[in-house]
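Numbering (this note's numbering), first residue to last: 1 to 434.
We treat Cβ as the ideally placed atom computed from N, Cα and C, and that holds for glycine.
The structure displayed is predicted, hence computed values, not measured ones.
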Ligand SMILES: Cc1ncc(COP(=O)(O)O)c(C=O)c1O
């Protein structure tokens with residue numbers, strides 16, 4: 001926490017002067033170093049990290065194998081871009097084909113950020129189908145470039161004042177049962193959402209104009225809402241019927257986070273394109289999208305590209321990160337620890353009227369706060385986040401009202417660390433929601 005003798009202060013002041021304040025930071029501490037599940041500020045105070053740089057540090061901070069791979073690669077080759085081929089790019093694309101949810105996904109393009117992966121996948125979908133329209137979902141988040149802003153509907157503040165945004169985007173409801181008219185009846189919510197797709201095809205746009213549906217298997221910024229059982233399967237049937245591509249945005253859900261390497265595996269649905277970023281590089285910036293070779297072969301060389309995407313150092317980091325995820329069996333760890341945490345929180349918070357819903361899959365857990373009248377409560381979520389920060393636990397919010405606390409710890413967090421985090425969280429909730 002910031003005090004008069006705080007060594008963070010000097011930098012926080014410089015930040016105010018020199019940094020564009022559009023970049024909103026959550027915790028008012030200046031990170032100096034990090035290791036495993038902890039971030040250390042300028043005073044050397046340790047913060048337990050349940051935020052992982054927005055779902056990035058799946059293997060913990062500065063995992064030794066990732067650090068070693070980065071250091072070695074940096075000394076050998078840092079950058080060539082498309083002026084040459086380089087082996088790490090090729091090795092990483094081969095690895096992505098091996099870990100993809102289906103063998104049909106076997107041809108990758110690498111980029112730098114989640115938004116850039118979304119942009120590329122949308123261009124691929126439009127190019128190969130010759131169709132102009134993308135369908136997205138209410139509550140979705142896909143990035144901050146103009147196209148991905150247009151595809152984002154999780155919160156008004158991401159879109160407001162940026163109009164006109166790119167067009168030919170149609171938005172259908174996501175089956176967020178808890179905040180729908182069908183609370184407690186997932187099946188009815190799913191049926192209604194499917195009906196809305198049907199109505200869109202009758203009233204708004206012909207299905208043969210649609211290049212792709214773009215969906216997060218678990219909505220992230222939208223409030224940590226897993227797609228209910230059966231929904232993705234039905235969506236797959238609809239897209240197949242009309243020759244529409246299904247793009248799974250696994251930017252936040254990927255790389256073991258939900259208990260499988262990719263969240264779409266829970267439904268056994270095979271997407272046509274899958275987007276990856278965040279957890280992919282163990283903290284280094286890298287993203288990508290993988291598709292079917294017969295589709296990507298229709299995209300002619302030079303129709304898309306990048307200077308930095310698939311940089312050798314980031315590729316080496318991603319290869320090492322995937323190796324850690326596999327060798328430490330982190331998807332299984334995420335499943336087991338996530339189940340334990342969800343059960344504990346559900347039990348211990350059952351009588352707390354300020355907590356409306358606790359949901360999640362693997363180590364992607366959301367706690368939804370509500371006011372006495374049941375409406376979403378940003379203030380409570382924010383107050384709990386600040387209280388936990390005082391106790392040195394880092395959290396993030398999400399949801400349309402910023403009313404959901406998300407728990408996204410490293411997948412290799414120890415049992416003791418997880419217990420410590422949940423103790424702090426429950427104490428903070430008890431103090432705020434008296
Ligand atoms: C599902 C999803 N897609 C895309 C993005 C955009 O990623 P980036 O911030 O790396 O551009 C995010 C970022 O939070 C995300 O959660």
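* **Alpha-carbon spacing of residue 186 relative to residue 32, whole angstroms** => For the purposes of this step, residue 186 is taken as the residue at position 186 of the chain shown. For the purposes of this step, residue 32 is taken as the residue at position 32 of the chain shown. In this structure, the alpha-carbon of residue 186 lies about 45 Å from that of residue 32.
* Asked: What are the boundary residues of the beta strand (DSSP E) that residue 362 is part of?
  -> In the chain shown, residue 362 corresponds to position 362, counting from 1. It is not in any beta strand (DSSP E) - residue 362 carries neither H nor E in the DSSP assignment.
* Asked: How long is the line joining the alpha carbons of residue 49 and residue 421, rounded to whole angstroms?
  -> Locating residue 49 in the chain shown gives position 49, counting from the first residue. Locating residue 421 in the chain shown gives position 421, counting from the first residue. One C-alpha to the other measures close to 8 Å.
* Asked: Whose C-alpha, out of 373, 409, 398 and 354, is nearest the C-alpha of residue 465?
  -> The shown model of the chain, from 1 to 434, leaves out residue 465, and the question about it has no answer.
* CB contact flag (residue 120, residue 304, <8 Å) -> If you number the chain shown from 1, residue 120 lands on position 120. If you number the chain shown from 1, residue 304 lands on position 304. Against a cut-off of 8 Å, the Cβ pair of residue 304 and residue 120 comes out as a contact.
* State yes or no: is the C-beta of residue 142 nearer than 7 Å to some heavy atom of ligand 1? => Numbered from 1 along the chain shown, position 142 holds the residue referred to as residue 142. The answer is yes for residue 142.
* With contact counted as at least three CB pairs below 8 Å, one residue from each stretch, are the region 315-322 and the region 267-283 in contact? -> yes
* **Three-state secondary structure (DSSP) of residue 36** => Here the question's residue 36 lines up with position 36 in the chain shown. It is a strand residue.
* **the region 5-12 / the region 353-371 touching (three or more Cβ pairs under 8 Å)** => No, the region 5-12 does not touch the region 353-371.
* Find the nearest neighbour of residue 8 within the set 24, 379 and 29, judged by alpha-carbon distance. => Along the chain shown, one-based indexing puts residue 8 at 8. When each option's Cα is compared against that of residue 8, the closest is 29.
* Asked: Quick check: the region 188-205 against the region 110-129, are there 3 or more CB pairs under 8 Å?
  -> no
* Asked: Would residue 178 pass as a contact of residue 365 if the rule is Cβ separation under 8 Å?
  -> In the chain shown, the residue the question calls residue 178 occupies position 178. In the chain shown, the residue the question calls residue 365 occupies position 365. No. Outside cutoff.
* Asked: Do the region 40-57 and the region 398-413 meet, that is, are 3 or more Cβ pairs less than 8 Å apart?
  -> yes
* Is residue 157 helix, strand or coil when you go by DSSP? -> On the chain shown, position 157 is the one that residue 157 refers to. Looking at residue 157 - three-state DSSP - the assignment turns out to be helix.
* Asked: Exposed or buried, what is residue 136 when buried is set at 16 or more other beta-carbons lying within 10 Å of its beta-carbon?
  -> Position 136 of the chain shown, counted from the first residue, corresponds to residue 136. Residue 136 should be labelled buried.
* Asked: Regarding residue 220 and ligand 1, is the C-beta to nearest heavy atom distance less than 7 Å?
  -> In the chain shown, counting from the first residue as 1, residue 220 sits at position 220. Correct: residue 220 has its Cβ closer than 7 Å to ligand 1.
* **Cross-strand partners of residue 261 (DSSP beta bridge)** => Walking along the chain shown from the start, residue 261 turns up at place 261. DSSP output for residue 261 lists no bridge partner at all.
* Asked: What are the start and end residues of the beta strand (DSSP E) that includes residue 172?
  -> As a first step, residue 172 must be located in the chain shown, where it is residue number 172. 169-172 is the extent of the beta strand (DSSP E) around residue 172.
* Return the CA-CA distance between residue 255 and residue 310, expressed in angstroms with no decimal places. => Taking the first residue of the chain shown as position 1, residue 255 is located at position 255. Taking the first residue of the chain shown as position 1, residue 310 is located at position 310. Straight-line Cα distance between these residues: approximately 17 Å.
* To do: Give a single yes or no on whether residue 357 has its beta carbon closer than 7 Å to a heavy atom of ligand 1.
  => In the chain shown, residue 357 corresponds to position 357, counting from 1. Incorrect: residue 357 has no Cβ contact closer than 7 Å to ligand 1.
* **For residue 286, three-class secondary structure by DSSP** => Locating residue 286 in the chain shown gives position 286, where the first residue counts as 1. Of the three classes helix, strand and coil, the one that applies to residue 286 here is coil, per DSSP.
* In the structure shown, what three-state DSSP assignment does residue 136 receive? -> Locating residue 136 in the chain shown gives position 136, counting from the first residue. Three-state DSSP puts residue 136 in a strand.
* Asked: Less than 7 Å between the CB of residue 216 and some heavy atom of ligand 1, yes or no?
  -> Start at 1 with the first residue of the chain shown, and residue 216 comes out as number 216. Checking the Cβ of residue 216 against ligand 1 gives yes.
* **Contact with chain B by residue 402, beta-carbon distance below 8 Å** => In the structure shown, chain B cannot be found, because there is only a single protein chain.
* To do: Starting from residue 49, follow its DSSP beta bridges and name the residues at the other end.
  => Taking the first residue of the chain shown as position 1, residue 49 is located at position 49. Residue 49 pairs with 394.
* Asked: Leaving out the 5 sequence neighbours to the left and right, which residues in its chain are closer than 7 Å to residue 249 when beta-carbon positions are compared?
  -> The residue given as residue 249 occupies position 249 in the chain shown. Result list for residue 249: 118, 142, 214, 215, 216 and 275, in chain order.
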